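If you read the sequences in order, they're chains D and X. In short: position in the first sequence from 1, add 348, done, that's the numbering used here. In short: position in the second sequence from 1, add 348, done, that's the numbering used here. Reviewing the structure listed below.
Protein chains: 2
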Amino acid sequence: MSNIRIDVKSRTPIFEQLCAGIREEILSGAMAPGEALPSVRALACELAINPNTIQKAYAELERQKLISSAPGRGSFVSDDIRPAMGAFEEKILADLRAAVHRARLCSIAKEKLTELIDKEWEGTKP
Amino acid sequence: MSNIRIDVKSRTPIFEQLCAGIREEILSGAMAPGEALPSVRALACELAINPNTIQKAYAELERQKLISSAPGRGSFVSDDIRPAMGAFEEKILADLRAAVHRARLCSIAKEKLTELIDKEWEGTKP
DNA sequence: CACCCGTACTAACACAAATAATACAGATGG
DNA sequence: CCATCTGTATTATTTGTGTTAGTACGGGTG
């Protein structure tokens, strides 16, 4: 879980980096469904970041139904993350379309893209 | 040229939307090399945007060697836009890799991606 | 009952984007 | 030659958002 790296100098907000990092951990299986996340205060201390910022990230992840939180208990990875995965599909495909479109405009060979997909697919396979 | 649409309510800065829009016009061939761009003041008036914001976008596009400007004359699409296209390639491929990676995490079928590329490729072909 | 949990709230600060108002020098057409 | 357009530079101000800080409340747990 502590594999998350935050760049405070980045132009992308810290809470978004947190969302992306934790989402990656969950979707990749590094964090199992039902597993407890660090408490807001604990993670804030560990990353040297204000608790409010952590809270903001957790709230967003809960809104996306990737985690669930309860006062007094803590925050946990959702038991079923498939609905959340499905909700992302449209946005991911849109991003992909836009990137492919830009690649086309820059005269990048189509084969280069398919090859890129193959590389990425086997890269995280084992 | 006036096909550019600006969303002042978007979270992405106006000057970036301008850059993206004009870049699209140039790379797609809607604006030919050597063609004159609207003057800073004219475009500012047309889009109801501050001239400084237009200037910022033009400066960025010039830094990317997509256009060239000269005081008293105006701004023009670069005669040779291939160097600029090449400069974008790395970034585009990185974006593509990231999107493919996320698609993989969300269990999107690989065939769906290749099919998406095919669709996008023929979509702007004729 | 003490302690940690999520949550809510206000205030203050930092930073970037955008606006506003000028000003200057180069190019151009009448 | 000169009015007028061009890009460019400068300064000040406003605005929105991210972040920090501090405090507080209610719920769950040992």
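All C-beta atoms in this analysis are idealised placements derived from N, C-alpha and C, irrespective of residue type, glycine included. As the structure is a prediction and not an experimental result, all values here were calculated from the model.
In whole angstroms, what separates the C-alpha of Ala451(D) from that of Arg452(X)?
As a first step, residue 451(D) is located in the first sequence; it is residue number 103 there, counting from the start. As a first step, residue 452(X) is located in the second sequence; it is residue number 104 there, counting from the start. Their backbone Cα atoms lie some 20 angstroms apart in a straight line.
Using a Cβ-Cβ distance under 8 angstroms, would Lys458(D) count as near chain X?
Counted from its first residue, the first sequence places residue 458(D) at position 110. Judged by the 8 angstroms Cβ criterion, Lys458(D) is in contact with chain X.
For Gly382(D), does the three-state DSSP call read helix, strand or coil?
Stepping through the first sequence from its first residue, residue 382(D) is reached at position 34. Coil.
Taking Cβ-Cβ distances shorter than 9 angstroms, what residues in chain X pair up with Leu464(D)?
By one-based count along the first sequence, residue 464(D) stands at place 116. By Cβ distance, chain X contributes Leu441, Leu444, Arg445 and Val448.
Who does Ser417(X) pair with in a DSSP beta bridge?
Here the question's residue 417(X) lines up with position 69 in the second sequence. Paired residue(s): Ser423(X).
So does the segment 432-443 of chain X actually touch the segment 357-366 of chain D, counting three or more Cβ pairs closer than 8 angstroms?
Output reads no: the segment 357-366 of chain D does not touch the segment 432-443 of chain X.
Using 8 angstroms as the cut-off, can you tell me whether the segment 451-467 of chain D makes contact with the segment 411-427 of chain D, which would need three or more C-beta pairs spanning the two stretches below that distance?
The segment 451-467 of chain D vs the segment 411-427 of chain D: no contact.
Do Leu391(X) and Ile374(X) have their beta-carbon atoms positioned less than 8 angstroms apart in this structure?
Along the second sequence, read from residue 1 onward, the residue named residue 374(X) stands at position 26. Along the second sequence, read from residue 1 onward, the residue named residue 391(X) stands at position 43. Contact flag unset, no.
What does Phe436(D) reach in chain X if we use C-beta pairs closer than 8 angstroms?
Position 88 of the first sequence holds residue 436(D). Ordered by position in chain X, the residues that pass the 8 angstroms Cβ test against Phe436(D) are Arg450 and Cys454.
With H, G and I counted as helix, E and B as strand and the rest as coil, what does DSSP make of Ile402(D)?
Residue mapping note: residue 402(D) aligns to position 54 of the first sequence, counting from 1. Ile402(D): helix per DSSP, three-state reduction.
Any C-beta of chain X sitting closer than 8 angstroms to the C-beta of Glu373(D)?
Taking the first sequence and counting its residues from 1, one reaches residue 373(D) at position 25. Not closer than 8 angstroms to any Cβ of chain X, the Cβ of Glu373(D) fails to qualify, so no.
Please name the residue in Ala378(X), Leu385(X) and Arg353(X) whose C-alpha comes closest to that of Phe336(X).
Because chain X spans 349 through 474 in this model, residue 336(X) falls outside it and cannot be assessed.
Quick one: residues in its chain with C-beta nearer than 6 angstroms to the C-beta of Ala368(X), no 5 flanking neighbours on either side, listed in chain order?
Against the second sequence, residue 368(X) aligns to sequence position 20. Closer than 6 angstroms at the Cβ level, and outside the excluded window around Ala368(X), lies no residue.
Give a yes or no on whether 8 angstroms exceeds the smallest Cβ distance from Met433(D) to chain X.
In the first sequence, residue 433(D) corresponds to position 85, counting from 1. Yes - at least one Cβ of chain X is within 8 angstroms of the one on Met433(D).
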